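Single-structure report; data block below.
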């Protein structure tokens, strides 16, 4: 290789190197131009402290200072003399005035009281309630007697020595005619109950009710006793 050839090679290498440097430096220059110069951030200013407390007043000269409290000489306390109470004043005695004596009133004789006239007490009538209750009891006894006259002891009950007391309710008119007869309370034996229900119709007309029992339909409950003799 000649010297000229070496120089040509060196030029080519330098040209290539310059081209590479230009290619890499161009973008950096564009970015630097776009952003502009970067200035350093100035340091913060120091804070200023302001004291708001009132400043102390300058001392007054001796001639302008306010006068201090004066010393007052305490006087000796005078003794207090207690007030003496005034003597009580005696009330004035008023002279007694003589009152006139009352005149005696004339005594009056009591008027003669007429003697009460005595008369024989009038005879009191008999209370109607007692008489009506007595009449009702008598009529009830007559009805029981009428039923007892026609009563027959059932043969089956008599053979078995059965006894009892059935109660029957009888409804009648004022002439004693039987309107209805029903069993009010059973004796526990059917033969005795049937015989008791037959008695009112068998014994009618029954005794008429008294006048103190009101109503056209009269009802009463009577017992019918069935007992065997020993």
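Residue numbers (the UniProt record's numbering): 1 to 230. Backbone N, C-alpha and C define an ideal beta-carbon position, used for all residues, glycine too. Just so it is clear, the structure is predicted and the values come from calculations on it, not from any experiment.
Return yes when the Cβ of residue 169 is within less than 8 Å of the Cβ of residue 225, no when it is not.
-> no
Where do the N-terminal and C-terminal ends of the beta strand (DSSP E) with residue 216 fall, by residue?
-> That residue, residue 216, is in no beta strand (DSSP E); it is neither H nor E in DSSP.
Nearest to residue 140 (by Cα), restricted to the options 206, 26, 18 and 216 | 206
For residue 230, the three-state DSSP class (helix, strand or coil) = coil
Does DSSP classify residue 119 as helix, strand or coil?
-> No answer about residue 119 holds up, because its pLDDT of 48 lies below 50 and its placement is not dependable.
Report back the beta-carbon spacing between residue 192 and residue 223 to the nearest angstrom; my notes put them in contact at under 8 Å.
-> Actually they do not touch by this definition, with Cβ atoms about 12 Å apart.
If you draw a straight line from the C-alpha of residue 151 to the C-alpha of residue 199, how long is it?
-> 6 Å
Kindly list the residues whose CB is nearer than 7 Å to the CB of residue 183, restricted to its own chain and excluding five residues on each side of it in sequence; keep chain order.
-> 166, 168, 193 and 197
Option nearest residue 146 by Cα separation, candidates 160, 157, 175 and 202 = 202
Going by CA-CA distance only, name the one from 228, 13, 213 and 23 that's closest to residue 134.
-> 213
What does residue 221 pair with, by DSSP beta-bridge criteria?
-> 169
Which residue comes first and which comes last in the beta strand (DSSP E) that contains residue 182?
-> 178-185
Buried or exposed for residue 119, please, with buried defined as at least 16 other CB atoms from any protein chain shown within 10 angstroms of its CB.
-> Unreliable placement is indicated for residue 119, whose pLDDT of 48 sits below 50; the coordinate value is still reported in the next sentence. So residue 119 counts as exposed.
Exposed unless 16 or more other CB atoms sit within 10 angstroms - verdict on residue 3 = exposed
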